[in-house]
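Residue numbers (the numbering used here): 542 to 826.
Glycine is no exception: its CB is placed at the ideal position from the N, C-alpha and C atoms.
Please read the structure below before turning to the comments.
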Amino acid sequence: MSPYSDTKRPCKANKEQCVGCGWSVRRRPKDVETIVGLGASRITSAPKVANEGTFPTNLAGYIDHTLLKAEATRDDLKKLCDEARKYSFATVCVNAVNVRYVAQLLKGSPVRVCTVVGFPLGASTGSSKAFETREAVRDGAQEIDMVINVGAVRSRDYSTVLDDICRVVEAAGNCPVKVILETASLTQEEKIIACALSKIAGAAFVKTSTGFGSGGATAEDVLLMKSVVGSELEVKASGGVRTTDDAKKMIEAGATRIGASASIAIVLGKSEKQKKSSSGRKSLY
Numbered sequence: 542m543s544p545y546s547d548t549k550r551p552c553k554a555n556k557e558q559c560v561g562c563g564w565s566v567r568r569r570p571k572d573v574e575t576i577v578g579l580g581a582s583r584i585t586s587a588p589k590v591a592n593e594g595t596f597p598t599n600l601a602g603y604i605d606h607t608l609l610k611a612e613a614t615r616d617d618l619k620k621l622c623d624e625a626r627k628y629s630f631a632t633v634c635v636n637a638v639n640v641r642y643v644a645q646l647l648k649g650s651p652v653r654v655c656t657v658v659g660f661p662l663g664a665s666t667g668s669s670k671a672f673e674t675r676e677a678v679r680d681g682a683q684e685i686d687m688v689i690n691v692g693a694v695r696s697r698d699y700s701t702v703l704d705d706i707c708r709v710v711e712a713a714g715n716c717p718v719k720v721i722l723e724t725a726s727l728t729q730e731e732k733i734i735a736c737a738l739s740k741i742a743g744a745a746f747v748k749t750s751t752g753f754g755s756g757g758a759t760a761e762d763v764l765l766m767k768s769v770v771g772s773e774l775e776v777k778a779s780g781g782v783r784t785t786d787d788a789k790k791m792i793e794a795g796a797t798r799i800g801a802s803a804s805i806a807i808v809l810g811k812s813e814k815q816k817k818s819s820s821g822r823k824s825l826y
């Protein structure tokens, strides 16, 4: 059993009182120190490739088929859902305003509905992220990808970061929460700590990038993140994953979910250039 298992889930107090309950002051600093230490020890002994030679036969089942363009139309969303059904992708990932429509389109399908919260900057309050989450779940979202408070991570304001994630996890209920770190904006130490905080808060995944930042997923970051979270959380790679080879590198590094708009190119082994010429839809991921 993990030494921090009693704090893996947020407390059950009224979420509006979360910041002032005192739990963060009394318990979290010690937990952060413990989990970061465990992560560091894993990193020093981690292989250069986490799952070398491992490649799933059902690659589509690893993919969140993504469309986060603000100008996406109903026709674009219907096409996204039709593709997801055809290829059996894990989820479709759309902006919150489109969740209800997409949930209707996918009703009766094994394809799940994923949405984003605090996207793409993560610079909204924890209470507003929690509100977004509750509304998205009511509309039919089954997975939540939230953006971490990057500025608070870089300021070492870890209590704020943790409360931010806790609020979303609590609001999500039984829906898995993926915490987007925006790794291109963080140092190695900050990535480790962000993973540690996500783990303490009860997230289901840590995720590399929004796809809107200064950089995307790298195999090195995926390996680092997996080394910190171990088997207790999963890792999602997103941002710049456009080919089968890209996906293979991420999965070998430890990713169990891929966020991509070039999903069909990935599963069919086409190049992104071929995919664009056939679909006409430019990838953001």
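Are the beta-carbon atoms belonging to LEU722 and ALA737 less than 8 Å from one another?
no
Counting C-beta neighbours from all protein chains within 10 Å, is the total for ARG615 16 or more, i.e. buried, or is it exposed?
exposed
Limits of the unbroken beta strand (DSSP E) element including ARG626
No beta strand (DSSP E) holds ARG626; the alpha helix (DSSP H) holding it covers 615 to 628.
What does a CB cutoff of less than 7 Å around LEU621 pick up in its chain, not counting 5 residues either side in sequence?
HIS606, LEU608, VAL633
Would you identify the three-state DSSP class for THR827, choosing helix, strand or coil?
Residue numbering for the chain in the displayed model covers 542 to 826; residue 827 lies beyond these limits and cannot be assessed.
DSSP state of GLU711, grouped into three classes?
helix
Grouping DSSP H, G and I as helix and E and B as strand, with all else coil, what is LEU703?
helix
DSSP three-state assignment for THR632, whether helix, strand or coil
strand
Please go through the stretch 705 to 762 and give each complete beta strand (DSSP E) segment of 3 or more residues, from N-terminal end onward.
718 to 721, 746 to 748
If you pair each beta-carbon of the stretch 696 to 704 with each one of the stretch 674 to 682, do three or more pairs fall below 8 Å?
no
Closer than 8 Å by C-beta to GLY714: which residues in its own chain qualify, once you throw out the five before and the five after it? Chain order, please.
VAL678
Drop a sphere of 10 angstroms on the beta-carbon of THR751, count the other beta-carbons inside from all chains shown, and report buried for 16 or more, exposed for fewer.
buried
Could you tell me which of ASP623, LYS627, PHE596, VAL658 sits nearest to ALA636, measuring between CA atoms?
First, the amino acid is wrong: residue 636 is Asn here, not Ala. Out of ASP623, LYS627, PHE596, VAL658, VAL658 has the C-alpha closest to the C-alpha of ASN636.
Would you kindly work out how many angstroms separate the C-alpha atoms of TYR603 and ALA631, rounded to a whole number?
6 Å
Is it true that the CB of VAL720 sits closer than 8 Å to the CB of ILE689?
yes
Where does GLY681 fall in DSSP's three states?
coil
What does the Cβ neighbour count give for LYS670, buried or exposed, with the cut at 16 atoms within 10 Å?
buried
What is the residue span of the alpha helix (DSSP H) that LYS790 lies within?
785 to 794
Host alpha helix (DSSP H) of ILE805 (start-end):
804 to 809
Could you check if THR784 is buried or exposed, using at least 16 other CB atoms within 10 Å of its CB as the buried criterion?
buried
Between VAL770 and the rest of its own chain, which residues show a CB-CB distance below 8 Å, the 5 nearest in sequence each way excluded?
GLY580, CYS736, SER739, LYS740, VAL747, VAL776
Beta carbon of ASP705, beta carbon of GLY667: below 8 Å?
yes
Going by beta carbon distance, what residues of the same chain come within less than 8 Å of ILE799, once the five residues before and after it are set aside?
TYR603, ILE604, ASP605, LYS777, ALA778, SER779, VAL782, ALA788, MET791, ILE792, ILE807
Could you tell me the boundaries of the beta strand (DSSP E) in which VAL657 lies?
653 to 658
CA-CA distance, CYS562 and SER700?
For CYS562, the predicted structure reports a pLDDT of 43, less than 50, and the residue's modelled location is therefore unreliable. The matter cannot be settled from this model.
If you draw a straight line from the C-alpha of PRO597 to the C-alpha of GLY754, how long is it?
29 Å
Distance between ARG675 and GLU891 (C-alpha atoms, nearest Å)
As displayed, the chain neither begins before 542 nor continues past 826, which places residue 891 out of reach and without an answer.
Can you have a look at ALA745 and say buried or exposed, based on whether 16 or more other CB atoms are within 10 angstroms of its CB?
buried
Mapping the DSSP letters down to three states, classify VAL782 as helix, strand or coil.
coil
Selection from PRO661, LEU662, ALA625 that minimises the alpha carbon distance to ALA644:
ALA625
Extent of the continuous alpha helix (DSSP H) to which ARG641 belongs
640 to 646
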